[in-house]
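As structure tokens, the structure follows; a few thoughts come after it.
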Amino acid sequence: MSLFLSLLPTSLLAILVLIQWHRIRRLGGRLEDQAEKRRWIEERTHHLEQELAALCNASLGAGEHLLRLEKQMQRLADRQNALEMRAATERPYGRASQLIDRGAGIDELVDTCGLTRGEAELLVMMQRGVA
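The opening position of the sequence shown corresponds to residue 4 in the numbering used here, with each subsequent residue numbered one higher.
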């Protein structure tokens with residue numbers, strides 16, 4: 004019995020050491036898992052940062068393209084308005100010129116083309132003076 008009592012503390016110590024060693028191995032495995040997860044997260048974060056940068060560049064390019072298109076549309080709208088205004092002012096004079104060629108008088112030009120009497124007289128003088 005004295006041998007048993009003398010080996011008991013050593014046996015208990017050995018058992019405690021084995022338990023702690025098992026815990027340390029288990030924690031080491033967890034630590035390796037956490038390190039692997041961390042590496043994966045870092046890689047994923049890096050990939051997402053690259054994608055975000057690419058999207059930002061694409062967005063910037065699209066914004067610049069949109070601005071160019073808006074400016075072009077504004078120039079086209081301005082040009083169309085100018086052409087419409089010019090056509091509106093030229094239309095009565097072109098029609099008046101045709102009527103003068105057919106022998107229309109000043110009163111007919113005023114009534115038909117919406118010209119003032121002075122405009123009609125000037126057109127008749129210019130057209131008949133040339134002819």
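The beta carbon of each residue, even a glycine, is placed where N, CA and C say it ideally should be.
On a predicted model such as this, the values are computed, not experimentally measured, just so you know.
Considering only their Cβ atoms, is the gap separating residue j from residue i smaller than 7 Å?
i       : j       : result
Ile-109 : Glu-122 : no
Ala-107 : Leu-126 : no
Does the beta-carbon of residue i have 16 or more other beta-carbons within 10 angstroms, so that it is buried, or is it exposed?
i       : result
Leu-112 : buried
Let me check understanding here. Comparing Cα to Cα, which of the options lies closest to residue i?
i       : options                    : result
Gly-117 : Gly-64, Leu-102 and Leu-15 : Leu-102
Thr-115 : Leu-19, Tyr-96 and Met-88  : Tyr-96
Leaving out the 5 sequence neighbours to the left and right, which residues in its chain are closer than 7 Å to residue i when beta-carbon positions are compared?
i       : result
Arg-120 : Ile-109 and Val-113
Excluding the 5 residues preceding and the 5 following residue i in the sequence, name in chain order all residues of the same chain whose CB lies nearer than 6 Å to its CB.
i       : result
Met-129 : none
Exercise. For the region 7–63, list the alpha helix (DSSP H) runs that are entirely contained and at least 4 residues long, ordered along the chain.
Key: Positions of the alpha helix (DSSP H) runs, each at least 4 residues long and wholly inside the region 7–63, cannot be given because no such run exists.
Self-check item: Entirely enclosed alpha helix (DSSP H) segments - the region 69–126, minimum 4 residues
Solution: 109–116, all fully within the region 69–126.
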